[in-house]
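Colleague: All residue numbers for the sequence shown refer to UniProt numbering, where the first residue is 1 and numbers rise by one. Just so it is clear, CB atoms sit at the ideal spot from N, CA and C, and this is done for glycine as well. Attaching a single structure in structure tokens format; questions to follow.
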Amino acid sequence: NGFTPEFTKLERTCADDYEYYAKTLLTTVLPNIKPHSTGMVALTPVEKHDIKIWEVQQQYCEFSLSDASAFTYARNPRFIRSNYDELSIIAKRKINKGDTITELVGATYRIEKRFLYEGQNDYSVIYSDRAKSDMLFLGPAAFCNHACLPNATLKCINKKVTGVVAIQNIHPGEEICIFYGKNYFENNNEECNCVTCFEIRQKNSTYTSDSQITDATPESEIDCTFLGNPVIYMSPESATIVGEVYEKK
Numbered sequence: 001n002g003f004t005p006e007f008t009k010l011e012r013t014c015a016d017d018y019e020y021y022a023k024t025l026l027t028t029v030l031p032n033i034k035p036h037s038t039g040m041v042a043l044t045p046v047e048k049h050d051i052k053i054w055e056v057q058q059q060y061c062e063f064s065l066s067d068a069s070a071f072t073y074a075r076n077p078r079f080i081r082s083n084y085d086e087l088s089i090i091a092k093r094k095i096n097k098g099d100t101i102t103e104l105v106g107a108t109y110r111i112e113k114r115f116l117y118e119g120q121n122d123y124s125v126i127y128s129d130r131a132k133s134d135m136l137f138l139g140p141a142a143f144c145n146h147a148c149l150p151n152a153t154l155k156c157i158n159k160k161v162t163g164v165v166a167i168q169n170i171h172p173g174e175e176i177c178i179f180y181g182k183n184y185f186e187n188n189n190e191e192c193n194c195v196t197c198f199e200i201r202q203k204n205s206t207y208t209s210d211s212q213i214t215d216a217t218p219e220s221e222i223d224c225t226f227l228g229n230p231v232i233y234m235s236p237e238s239a240t241i242v243g244e245v246y247e248k249k
């Protein structure tokens, strides 16, 4: 359609355009932010679907930073071992139990497993049982941290969009957290550093997080995979997009 993006190169990985915006738009609330994309290779979008992903993620991020947004972003002090800034999602106003947090959304896109590199571009990747494929989870909701006692959960809004719903009343200044899984941080989440485990571990060095997890702890519903979502190909070595970015028919 002749559309030419206003940029020539983005510091991003696997078309994770939200990370690009985390480094640009988020500087309005977090000066000198250093997200994971800081250390990634620069890629140029070449296919219309790649540009579409960029446009959608741009809209998500701008909406999340609007005055109407129920949350804001903050640096997460619990992950000081990381080489990059880790973020937290913080409520700006009261969010009632059962409310859908409109601006806190995400979307998944297929990525070929051979282009995933541990510790480099695999920090926002899930495996979809429905699509039988690795998927990138992109959008503001991807910054929701794990908690063994979460106050929110992921729910499918439709076949393309995942949203966040409060399962407890969330007050201004509280972090919005979801539950990643019972064994996401090693067996029984023994390496968990969520806000609950972090605070208790400061008082009791022998504490393990499995005591916080019960059968009632909600699993987040992240697999809203729509088989029409585009496939993303990326080659870190050549810093170019290889193959085609296409939609399954």
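Taking just the CA atoms, how far does residue 172 sit from residue 113?
Modeller: Residue mapping note: residue 113 aligns to position 113 of the sequence shown, counting from 1. Residue mapping note: residue 172 aligns to position 172 of the sequence shown, counting from 1. Looking at the two C-alpha atoms, the distance is approximately 39 Å.
Colleague: I believe residue 97 touches residue 71 by the beta-carbon criterion, under 8 Å. Please report the beta-carbon distance rounded to the nearest angstrom.
Modeller: Taking the first residue of the sequence shown as 1, we reach residue 97 at position 97. Taking the first residue of the sequence shown as 1, we reach residue 71 at position 71. 16 Å between Cβ atoms; not a contact.
Colleague: Evaluate residue 57 with the Cβ neighbour count: other Cβ atoms within 10 Å of its Cβ, from every protein chain shown; 16 or more gives buried, anything less gives exposed.
Modeller: For this step, residue 57 is matched to residue 57 along the sequence shown. Looking at its Cβ environment, which holds 16 or more other Cβ atoms inside 10 Å, residue 57 is buried.
Colleague: What does the alpha-carbon distance come out to for the pair residue 177 and residue 185?
Modeller: Counting from one through the sequence shown, the residue named residue 177 turns up at place 177. Counting from one through the sequence shown, the residue named residue 185 turns up at place 185. About 15 Å.
Colleague: Do residue 61 and residue 140 have their C-beta atoms within less than 9 Å of each other?
Modeller: What you label residue 61 is simply residue 61 of the sequence shown in a count that begins at 1. What you label residue 140 is simply residue 140 of the sequence shown in a count that begins at 1. Closer than 9 Å, so yes.
Colleague: Residue 100: beta carbon under 8 Å from a heavy atom of the ligand PLP?
Modeller: The ligand PLP is not part of the structure shown, which contains no ligands of any sort.
Colleague: What would DSSP say about residue 176, mapped onto helix, strand or coil?
Modeller: To locate residue 176, count along the sequence shown from 1; it is residue 176. It is coil, neither helix nor strand.
Colleague: Cutting at 7 Å between CB atoms, please list the residues of its own chain near residue 191, excluding the five before and the five after it.
Modeller: In the sequence shown, counting from the first residue as 1, residue 191 sits at position 191. Once the five neighbours on either side are set aside, the close Cβ partners of residue 191 are 185.
Colleague: Is the Cβ-Cβ distance between residue 199 and residue 88 less than 9 Å?
Modeller: For the purposes of this step, residue 199 is taken as residue 199 along the sequence shown, with counting starting at 1. For the purposes of this step, residue 88 is taken as residue 88 along the sequence shown, with counting starting at 1. For residue 199 and residue 88, no; Cβs fall outside 9 Å.
Colleague: What span of residues does the alpha helix (DSSP H) with residue 71 cover, start to end?
Modeller: On the sequence shown, position 71 is the one that residue 71 refers to. Here residue 71 belongs to no alpha helix (DSSP H); instead the beta strand (DSSP E) covers 71-75.
Colleague: Taking the alpha helix (DSSP H) that residue 200 falls in, what are its first and last residues?
Modeller: Counted from its first residue, the sequence shown places residue 200 at position 200. Looking at the DSSP string, the run of the alpha helix (DSSP H) that includes residue 200 is 195-203.
Colleague: Within its chain, find whatever has a CB closer than 6 Å to the CB of residue 103; leave out the 5 residues flanking it on each side and keep chain order.
Modeller: Indexing the sequence shown from 1 puts residue 103 at position 103. Closer than 6 Å at the Cβ level, and outside the excluded window around residue 103, lie 63, 64 and 69.
Colleague: Using the three-state DSSP reduction, which class does residue 189 fall into: helix, strand or coil?
Modeller: One-based indexing of the sequence shown puts residue 189 at position 189. Correct three-state label for residue 189: helix.
Colleague: Report, in whole angstroms, the separation of the C-beta atoms of residue 152 and residue 161, which I expect to be a contact under 8 Å.
Modeller: Translated into the one-based positions of the sequence shown, residue 152 becomes position 152. Translated into the one-based positions of the sequence shown, residue 161 becomes position 161. Contact doesn't hold; Cβ gap of about 16 Å is too wide.
Colleague: From what residue to what residue does the beta strand (DSSP E) around residue 155 run?
Modeller: Within the sequence shown, the letter at position 155 stands for residue 155. Start and end: 152-156.
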